[in-house]
Amino acid sequence: MLKQDPYLLCGELPGFGFRKIDNIALRMGTPKSLPSRLQAGLVHAVDEALDDGDCWVERDDLIARADKLLILDDLDGRSLIERQLDKLTEKGALVSTWNEPTVIGLPEIEAMETFLADVFRQAHRPNPHEPLPDVAASELSCEQRQAVENASRSSISLITGGAGSGKTFTIDAIVRTYERAGMRCALAAPTGKAARRMEQTTGRSAQTIHRLLGFNGRAFAKGRDEKIDADFIVIDEVSMVDVRLAFQLFQAIDFSRTAVLLVGDHNQLPSVGPGNVLRDLVRSGAIPTVVLNQIFRQAGALRQNCAAILSGTVAPTADLGGEKTAPWWVVSSREDGPWIRNALERMFREILSEKLGFDLIRGVQVLTPMHDGPLGTRELNSLLQRVIHENVFGTAITDGDASIRIEDKVIQTRNDYGLDVMNGSIGFVRDIDSDRFVVEFDGREVEIPAEAARRDLRLAYATSIHKMQGSEFPCAIVIAHKSHARMHYRNLLYTAVTRAQKTAIILGDPWAIQNCAREERASQRNTFLSRLLSERTGPLERIQ
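Residue numbers (numbering that gives the first Met the number 0): 0 to 543.
Laid out in structure tokens, this is it:
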């Protein structure tokens, strides 16, 4: 097969994508202009766009990407690529839709977003359980009362708002309304971390969306043929839900007997996977939506300062106000990266535990935009592992040796359904031997084969901001440095500081901190859903 047409293997073997197959094929003398190579390169370029969160690529942009990827030794290279693109769309391997510009995508993604658009267009149909008993509204704001009314009257409704805007309080009022009517309510979130936080804030049982859908690691038990058995479903942290998961969820809901409430914060980062479901819904106004804009005074200085970032302002260090520690710190210097590393090390050695009373392992999380570089997750984890083991356990670690040890804080980097440990789960190593690692995840000890542990576990004293969506920690330390400038924008900084429950510390240089808040680059993504909803509802620019 490699001799006849190696590109037939693309996507068929785990770990063998286009680039690896292409490298093998070209060394074997395969012609660069082989039609199947051009087609595989085009599909790969679309897949790369999906990895970036986009659901489609403009035709001219796709041809340019493929031309750069394929490096054809032919003056007519772009024409060759265009002809193969036309063949891919003719046979349905890619879809081509709309004009001015024409956009290209995978047919399964276009079908999923078309299905979702059809579902959301019917969101205004009556709630199957109407009328519901009135909820006591005296403690609710006007916006919150409207959210309760939407959830009581419509089959699908949405609440969005920042930290401290009263989302949890509103969810509680809505769920109580359904419970009072004897309805069965199901609460779910995209990740285990978010589901556990939902349980803590609502005092009710919650689960992951995958568990709600009966996913066993290979297939979903709930779907088109078997619906979720619930009268009312609340989905939290919808900003983290990508197109594929949204499709699986909504095709498993019977709207003749089940109403749905979506909850999220449209100012947070979008999902890691393709799509921008929450922002598309808020922008389009396709479903009954309430944007909670008021930050309640009782939310405190931390939540108010987090919200201020959305208007481009980074508040200075907060006044202690008689408390042991301020809820908001800005620590900056015009000196370069080594100063930040030294300041971070000093915090862990002398301040966070000794003066502020935080548990260095469980109570503090360092967040940084990137993995590489002296202020990326890899280098910072090596530094912090050494400092923590010396300070907390009294054991010395050679600088640069970042192998995982007993008592280390680690993060799972791949879904393992057999062990019921999901990507992004934070754990603590309890034992290591030649055959297995014993890791505590949320109070549950899991035995992980040593080979899988070395492959899937990473140190987690410092993590990327994206990885910690849906999580909260007593203290969050956010790194903002000019070396990460290409990653800086307002929603990234906002997402990072809202991970803090008690204290947020922004550590960096003054220019980077201010630039992060000033950069108003919205989380724009190319999605079929945004266009499909706007075609019917008309564009509604309700958010930045």
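Every residue gets a Cβ at the ideal spot worked out from N, C-alpha and C, and that includes glycine.
For residue 339, no beta strand (DSSP E) segment is defined; the enclosing uninterrupted segment is the alpha helix (DSSP H) at 336–345. Non-local beta-carbon contacts of residue 256 in its own chain, meaning distances under 6 Å to residues more than five positions away in sequence, involve 127 in chain order. Taking one beta carbon from each stretch, the region 516–525 and the region 344–354 have fewer than 3 pairs nearer than 8 Å; the two do not touch. At least 8 Å separates the beta-carbon of residue 292 from that of residue 104.
With a contact defined as Cβ atoms closer than 8 Å, residue 344 and residue 382 qualify at about 6 Å. With the rule of 3 Cβ pairs closer than 8 Å, the region 153–170 counts as touching the region 257–273. Look at the region 367–444 and you find these whole runs of alpha helix (DSSP H), each 4 residues long or longer: 376–387. In this structure, residue 394 keeps its C-beta atom at 8 Å or more from the C-beta atom of residue 457. Around the beta carbon of residue 417, fewer than 16 other beta carbons sit within 10 angstroms, so the residue counts as exposed. Nearest to residue 162 by alpha-carbon distance, out of 410, 375, 200 and 93, is 200.
Listed as beta-bridge partners of residue 183 by DSSP are no residues whatsoever.
Between the region 70–81 and the region 30–45, the count of C-beta pairs closer than 8 Å reaches three or more; the two stretches touch. Closest in C-alpha terms to residue 202, from the list 259, 212, 170 and 189, comes 170. For residue 217, the number of other beta carbons within 10 angstroms of its own is below 16, and it is reported as exposed. Between residue 54 and residue 427, the C-beta gap is not smaller than 8 Å, which leaves the two residues out of contact. Counting along the chain, the unbroken alpha helix (DSSP H) around residue 249 starts and ends at 242–249. Across the set 182, 36 and 285, the C-alpha of 36 shows the shortest separation from the C-alpha of residue 86. By the beta-carbon neighbour count (other beta carbons within 10 angstroms, threshold 16), residue 141 is exposed. Secondary structure at residue 328: strand, using DSSP grouped into helix, strand and coil. For residue 472, the enclosing beta strand (DSSP E) begins and ends at 472–479. In the same chain as residue 440, and ignoring 5 residues on each side of it, the C-beta atoms closer than 7 Å to its own belong to 420, 424 and 426, in chain order. A Cβ-Cβ separation of about 5 Å places residue 259 in contact with residue 155 under the 8 Å criterion.
Counting only runs of at least 4 residues, the region 260–285 fully encloses the following alpha helix (DSSP H) elements, listed from N- to C-terminal order: 276–283. Cβ neighbours of residue 437 within its own chain (closer than 6 Å, five residues either side excluded): 429, 430, 444 and 446. Three or more Cβ pairs closer than 8 Å define a contact, and the region 232–249 falls short of that threshold against the region 18–30. Residue state for residue 153 is assigned as strand, using DSSP reduced to three classes. Taking C-beta atoms under 8 Å as the contact rule, residue 274 and residue 242 qualify, at a distance of about 3 Å. In summary, residue 70 is exposed, with fewer than 16 beta-carbon neighbours lying within 10 Å of its beta-carbon over all protein chains present. Closest in C-alpha terms to residue 492, from the list 329, 337 and 473, comes 329. With respect to the 8 Å criterion, residue 94 and residue 101 are not classified as neighbours on the basis of their beta carbons. Taking a cut-off of 8 Å for Cβ pairs, the region 187–195 and the region 330–339 do not touch, as fewer than three such pairs fall below it. The continuous stretches of alpha helix (DSSP H) do not include residue 500, which lies in the beta strand (DSSP E) extending over residues 499–507. Taking every protein chain shown into account, the CB of residue 312 has fewer than 16 other CB atoms within 10 angstroms, so this residue is exposed. Under the DSSP definition of a beta bridge, residue 125 partners with 153. About 5 Å separates the Cβ atoms of residue 206 and residue 187, confirming a contact at the 8 Å cut-off.
Per the DSSP secondary-structure output, residue 214 pairs in a beta bridge with 219.
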